[in-house]
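Numbering (my numbering), first residue to last: 1 to 181.
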């Protein structure tokens, strides 16, 4: 069955309870430290109208979760974002690796320094594809790591943004708390 043949209900917002973000739609959960702030929880960014009146609209892009911690610097906050993008947006892509090639191209105008795309296994035995990048925007250098996996007919991109190795390790610990059922 291809991505375009799946007729699903709308992506739900997910919930954050007792320090755990849960999405029943994507059958996933992620620990959120108490000291972190939630910026976005379940925001639908782009939808396609349903072909039939009795069907729900198809969610194409959803910001499932964005969290941040107040940083040492007032102008930068380390953060983590979980984005779901329907694979119908990328009909020519075969897997998460090709999806990350597309994501990496979106940063081309910022002249980032990027790493090659690799397929690591997280400490929780979840396989994903990942790449790192470093970029400078308005005299501020920041680094990102993108982790991509596929859930049903969506690419899930977990992006961590940080400036120091300490921030990176703290964010990676959150990513490593990811569970997929």
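The beta-carbon is built from N, C-alpha and C at its ideal position, and this holds for glycine as well.
Beta carbon of residue i nearer than 8 Å to that of residue j
i           : j           : result
residue 131 : residue 113 : no
residue 175 : residue 147 : yes
residue 20  : residue 31  : yes
residue 76  : residue 135 : no
residue 84  : residue 49  : no
residue 80  : residue 16  : no
residue 103 : residue 59  : no
residue 126 : residue 178 : yes
residue 82  : residue 160 : no
residue 96  : residue 128 : yes
Spatially closest choice to residue i from the options, by CA coordinates
i           : options               : result
residue 78  : 154, 88, 156 and 144  : 144
residue 72  : 173, 163 and 98       : 163
residue 119 : 107, 108, 100 and 106 : 100
residue 93  : 69, 153 and 166       : 153
residue 123 : 173, 69 and 24        : 173
Chain-order list of residues whose beta-carbon lies under 6 Å from that of residue i (same chain, five-residue window excluded)
i           : result
residue 181 : 27
residue 67  : 32, 36, 38 and 80
residue 40  : 63 and 66
residue 43  : 63
Spatial neighbours of residue i in its chain, beta-carbon cut-off 8 Å, leaving aside the 5 residues before and after
i           : result
residue 151 : 26, 27, 28, 84 and 180
residue 137 : 110
Sheet register partners of residue i (DSSP bridge)
i           : result
residue 179 : 29
residue 118 : 130
residue 44  : 62
residue 113 : 134
residue 22  : 15 and 29
Close Cβ partners of residue i (< 7 Å) along its chain, the five nearest in sequence each way excluded
i           : result
residue 22  : 14, 15 and 29
residue 46  : 60 and 61
residue 107 : 133 and 135
residue 24  : 12
residue 70  : 77
residue 165 : none
residue 149 : 96, 126, 128 and 156
> Where in the region 125 to 168 do unbroken runs of the beta strand (DSSP E), each at least 3 residues long, occur, reported from the N-terminal end onward?
Replying inline: Uninterrupted beta strand (DSSP E) stretches at least 3 residues long and entirely within the region 125 to 168 occur at 129 to 137, 140 to 151 and 154 to 162, given in chain order.
> At which residue ranges does the region 63 to 105 contain complete beta strand (DSSP E) runs of 3 or more residues, listed in the order of the chain?
Replying inline: Counting whole runs of 3 or more residues, the region 63 to 105 contains the beta strand (DSSP E) stretches 79 to 86.
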